[in-house]
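These protein sequence lines map, in sequence, to chains W and C. Residue numbering for the first sequence is 111 to 235, as defined by this note's numbering. Residue numbering for the second sequence is 111 to 235, as defined by this note's numbering. For glycine and all other residues, C-beta sits at the position ideal for the given N, C-alpha and C. Everything on this sheet refers to the single structure shown next.
Protein chains: 2
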Amino acid sequence: MTASCPSGQHAHHDVYAAQCPCRTLLDLLANKWSALAIGALENGPQRFGELQRKLQGVSPKVLTQTLRRLEAFGILDRTVYPAVPPHVEYSLTPLGQSAAIPLNALRSWVEENIDHAFPAAPVAG
Amino acid sequence: MTASCPSGQHAHHDVYAAQCPCRTLLDLLANKWSALAIGALENGPQRFGELQRKLQGVSPKVLTQTLRRLEAFGILDRTVYPAVPPHVEYSLTPLGQSAAIPLNALRSWVEENIDHAFPAAPVAG
DNA sequence: GTCTATTACTTCCCATTGGGAAGTAGCTTG
DNA sequence: CAAGCTACTTCCCAATGGGAAGTAATAGAC
Chain W
111 MTASCPSGQH AHHDVYAAQC PCRTLLDLLA NKWSALAIGA LENGPQRFGE LQRKLQGVSP
171 KVLTQTLRRL EAFGILDRTV YPAVPPHVEY SLTPLGQSAA IPLNALRSWV EENIDHAFPA
231 APVAG
Chain C
111 MTASCPSGQH AHHDVYAAQC PCRTLLDLLA NKWSALAIGA LENGPQRFGE LQRKLQGVSP
171 KVLTQTLRRL EAFGILDRTV YPAVPPHVEY SLTPLGQSAA IPLNALRSWV EENIDHAFPA
231 APVAG
């Protein structure tokens with residue numbers, strides 16, 4: 111079952127093919143901030159500021175970029191409530207919710223296995 | 111009980127904490143080429159050239175970088191067979207094999223859901 | 001003995017991206 | 001009328017990504 115994406119319209123897709131749109135989506139999701147943002151949004155809609163505090167160390171610029179990219183691919187929705195101090199909420203679309211599953215698995219794996227990776231824990235030992 | 115990684119020795123790790131070594135590992139794995147390389151190596155040890163052909167579009171420089179980083183974290187092993195034309199094999203460590211599981215899930219998700227994502231609407235930078 | 005092929009990389013150099021600091025907009029409170 | 005709030009931009013620089021081409025060592029062809 112070989113599959114080169116560009117040739118067939120509904121051929122099964124292959125992330126290993128350079129021209130497959132899968133690549134773009136993989137590149138979007140296989141990203142530190144994307145994985146973190148999607149995970150944070152599983153607890154329901156969140157505002158920009160909340161996300162920024164959760165994703166410790168992210169700058170507003172990079173958060174905006176990440177969020178807008180995810181929005182462009184239909185992973186999340188951006189809702190603006192016209193209000194005096196701006197009020198914007200981000201929430202996962204159904205697609206985003208299903209993407210959260212493998213992403214959760216990845217984040218959990220990292221937390222559970224960091225002790226087994228080499229240049230890790232600066233913790234005293 | 112919240113967990114900031116640097117404080118406790120065996121405190122549960124948190125990828126959301128900026129200082130947690132988890133971040134580094136997440137950044138390593140949440141990467142296009144890493145995810146692809148680890149997936150490719152599930153079929154057993156592979157040589158550099160084989161990997162380069164599988165990961166369509168990767169340049170030797172970037173492949174080397176990716177592979178060396180994964181090796182440094184104990185995700186994979188690099189074995190050199192002293193031979194006339196160089197012969198180097200890469201293989202997953204047990205840690206790498208367990209990392210392959212969530213990474214497979216992510217790659218599969220991408221291939222199965224690309225049709226539901228809005229393809230490549232360019233996001234202004 | 002020189003030429004060519006093979007394999008697994010480096011090195012160079014440039015374009016894109018990541019990232020911090022600070023500025024912006026609009027209204028509301030003191 | 002300056003300060004503050006929220007959600008961003010903009011500026012600027014450093015790190016990373018990525019392609020093209022070069023390198024090393026030797027076997028085999030000619």
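Asked, Found
"Taking 8 Å as the CB-CB limit, is H122/W close to chain C?", "yes"
"Ignoring anything shorter than 4 residues or poking outside the segment 159 to 192 of chain C, list the alpha helix (DSSP H) runs there in chain order.", "170 to 182"
"Identify every residue that forms a DSSP beta bridge with R217/C.", "Looking at the DSSP assignment, R217/C forms no beta bridge with any residue, so it has no partner."
"Using a Cβ-Cβ distance under 8 Å, would P155/C count as near chain W?", "no"
"Within 10 Å of its beta-carbon, does R133/C have 16 or more other beta-carbons around it, so buried, or fewer, so exposed?", "buried"
"What are the residues that DSSP puts in a beta bridge with Y244/W?", "With chain W running from 111 to 235 in the structure shown, residue 244/W is simply not present."
"Residues of the segment 168 to 191 of chain C in Cβ contact with chain W at a cutoff of 7 Å, in chain order, please.", "A182, F183 and G184"
"Look up A127/W in the DSSP assignment and say whether it is helix, strand or coil.", "coil"
"Locate the alpha helix (DSSP H) running through A150/W, then write down its first and last residues.", "K142 to A150"
"Does the beta carbon of V194/W come closer than 8 Å to any beta carbon on chain C?", "no"
"Kindly indicate if chain C contains any beta-carbon less than 8 Å away from that of E160/W.", "no"
"Checking contacts by CB at 8 Å: is E221/C closer than that to chain W?", "yes"
"In chain W, which residues lie with their C-beta within 7 Å of the C-beta of Y126/C?", "L146, K164, L165 and Q166"
"What does a CB cutoff of less than 8 Å around P155/W pick up in its chain, not counting 5 residues either side in sequence?", "T189, E199, Y200 and S201"
"If contacts are defined as beta-carbon pairs under 8 Å, then P212/C and A215/W qualify, I think. What distance do you get, rounded to the angstrom?", "4 Å"
"Taking C-alpha atoms, which residue in Q162/W, Y126/W, N223/W and R157/W lies nearest to Q162/C?", "Y126/W"
"Cα-Cα, which of D225/C, A147/C and R217/C is closest to T176/C?", "A147/C"
"Between the beta-carbon of A140/W and the beta-carbon of K142/C, is there less than 8 Å?", "yes"
"Put P195/W into one of helix, strand or coil per three-state DSSP.", "coil"
"For chain C, check one thing: does any of its Cβ atoms lie closer than 8 Å to the Cβ of S201/W?", "no"
"In angstroms with no decimal places, state the Cα-to-Cα distance between Y191/C and S144/C.", "24 Å"
"Drop a sphere of 10 angstroms on the beta-carbon of P196/C, count the other beta-carbons inside from all chains shown, and report buried for 16 or more, exposed for fewer.", "exposed"
"Verify the CB distance criterion: does P232/W have a CB-CB separation below 8 Å to chain C?", "Caution applies to P232/W, whose pLDDT of 39 falls short of 50 and renders its modelled position unreliable; the model cannot decide the point."
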